[in-house]
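There are 2 protein chains.
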Amino acid sequence: RWTVVGRMADAALFEFLHMEMVAELWSHHSDPGPGGQKMSLSVLEGMGFRVGQALGERLPQETLAFREELDVLKFLCKDLWVAVFQKQMDSLRTNHQGTYVLQDNSFPLLIRMASGPQYLEEAPKFLAFTCGLLRGTLSTLGIKSLVTASVASLPTCE
Amino acid sequence: RWTVVGRMADAALFEFLHMEMVAELWSHHSDPGPGGQKMSLSVLEGMGFRVGQALGERLPQETLAFREELDVLKFLCKDLWVAVFQKQMDSLRTNHQGTYVLQDNSFPLLIRMASGPQYLEEAPKFLAFTCGLLRGTLSTLGIKSLVTASVASLPTCE
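The listed protein sequences derive, respectively, from chains Z and X.
Just so we're aligned, residue 13 is where the first sequence starts under the working numbering, counting upward by one.
Just so we're aligned, residue 13 is where the second sequence starts under the working numbering, counting upward by one.
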């Protein structure tokens, strides 16, 4: 019994809580207009940022001593992603000029959404927290960044 | 590296997210008066309830077939508590008339709080989500319940 419940909660607790948080922010915070939505997105991004910072501060010292920027990005794609989403990022690309494209072909926070092009506009609210999470973790690792997300077709996300 | 990060996030992700959620609800939702606080508490309790229901729905079928109420309570104290808080409940008492007292001597969501009697009044906002979580899980297991929390001295909680 232990194993099953453990597995259940690892992934599910965070995902369910995240979903509730998005729903709660949307029901109480948003004016119907784009101004209200922008506010809710930035609240979610800020929460993600602080959680990312806090997680980053718990990392063992050797993790904090990455020499190369690319190593940090690989750490996010492998270790952080597994810790939070129980899967690795599917690909990492870079232009070698400080821009990195991380692609997840089945992003867990999008999987529960109904799919179909008409739902694409709903996607940003399921991505804002995670953008902040990456930005916050990077910040603790000494890297200032700008993190944005885009979805061309559900549940893939860059 | 895998193990360390895994351990880090299991416990920390939920706790940090919970903390952010409490802070967010308090900063935006609460009138300074008791009415506003009550509203935020019931929002948190409701979020916990829905997360508990959702977790409960993921339980394997044999878990749902508990015969005795006491078995369900033991399940909450052992398996659910470990899955969510990485520890077991410290004690479970009952009057054998449908009332159960669950005691956690170092409740993780209270541990980060400053301790001292003057902080006791802050405690309810760190307990509301978990009360809802228990009520929601019980509800999925077919038990209607009333769950309240009390703190006599931090970080112990009944």
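Glycine included, each C-beta is placed from N, C-alpha and C at the ideal position.
Item to complete: For chain Z, find out if any of its Cβ atoms is closer than 7 angstroms to the Cβ of residue 59 of chain X; answer yes or no.
Response: yes
Practice prompt. Tell me, please, which residues DSSP counts as bridged to residue 116 of chain X.
Written response: X/169
Worksheet item: Terminal residues of the continuous alpha helix (DSSP H) containing residue 82 of chain X?
Response: 81-87
Discussion item. Quick check on the burial criterion: 16 or more other C-beta atoms within 10 angstroms. Buried or exposed for residue 13 of chain X?
Written reply: Residue confidence is low: residue 13 of chain X scores 31 on pLDDT, short of 50, so the model does not pin down where it sits. Its coordinate-derived value is still stated next. With fewer than 16 other Cβ atoms within 10 Å, it is exposed.
Practice prompt. Report buried or exposed for residue 108 of chain Z, applying the criterion of at least 16 other Cβ atoms within 10 angstroms of its Cβ.
Written response: exposed
Discussion item. Just to confirm my understanding: we take residue 118 of chain X, look at its own chain, exclude 5 residues before and 5 after, and list those with CB closer than 6 angstroms. What are they?
Written reply: 167
Worksheet item: How would you label residue 149 of chain X, buried or exposed, when you count the other beta carbons within 10 angstroms and need 16 or more for buried?
Response: buried
Discussion item. Does chain Z have any CB closer than 7 angstroms to the CB of residue 134 of chain X?
Written reply: no
Practice prompt. Identify every residue that forms a DSSP beta bridge with residue 103 of chain X.
Written response: X/115
Fill in: residue 150 of chain X (DSSP reduced to helix, strand or coil)
helix
Worksheet item: Exposed or buried, what is residue 91 of chain X when buried is set at 16 or more other beta-carbons lying within 10 Å of its beta-carbon?
Response: buried
Discussion item. Is there a Cβ of chain Z sitting closer than 7 angstroms to that of residue 24 of chain X, yes or no?
Written reply: yes
Worksheet item: Roughly how many whole angstroms lie between the Cα atoms of residue 17 of chain Z and residue 57 of chain X?
Response: With a pLDDT of 39 at residue 17 of chain Z, under the threshold of 50, the predicted position of this residue should be treated as unreliable, and no value is reported.
Discussion item. DSSP three-state label for residue 78 of chain Z, please.
Written reply: coil
Discussion item. Applying the 10 Å Cβ sphere with the 16-neighbour rule, what's the burial state of residue 82 of chain Z?
Written reply: exposed
Practice prompt. With 7 angstroms as the threshold, decide whether the Cβ of residue 32 of chain X is near any Cβ in chain Z.
Written response: yes
Item to complete: With a threshold of 16 other CB atoms inside 10 Å of the CB of residue 135 of chain X, please say whether the residue is buried or exposed.
Response: buried
Worksheet entry | Pairwise C-alpha distance: residue 74 of chain X and residue 154 of chain Z | 48 angstroms
Discussion item. Beta-carbon within less than 7 angstroms of residue 37 of chain X's beta-carbon, same chain only, minus the 5 sequence neighbours each way: which residues are those?
Written reply: 52, 55, 56
Worksheet item: Is there a Cβ from chain X that is less than 7 angstroms from the Cβ of residue 5 of chain Z?
Response: Shown here, chain Z extends from 13 to 170; a query on residue 5 of chain Z therefore has no answer.
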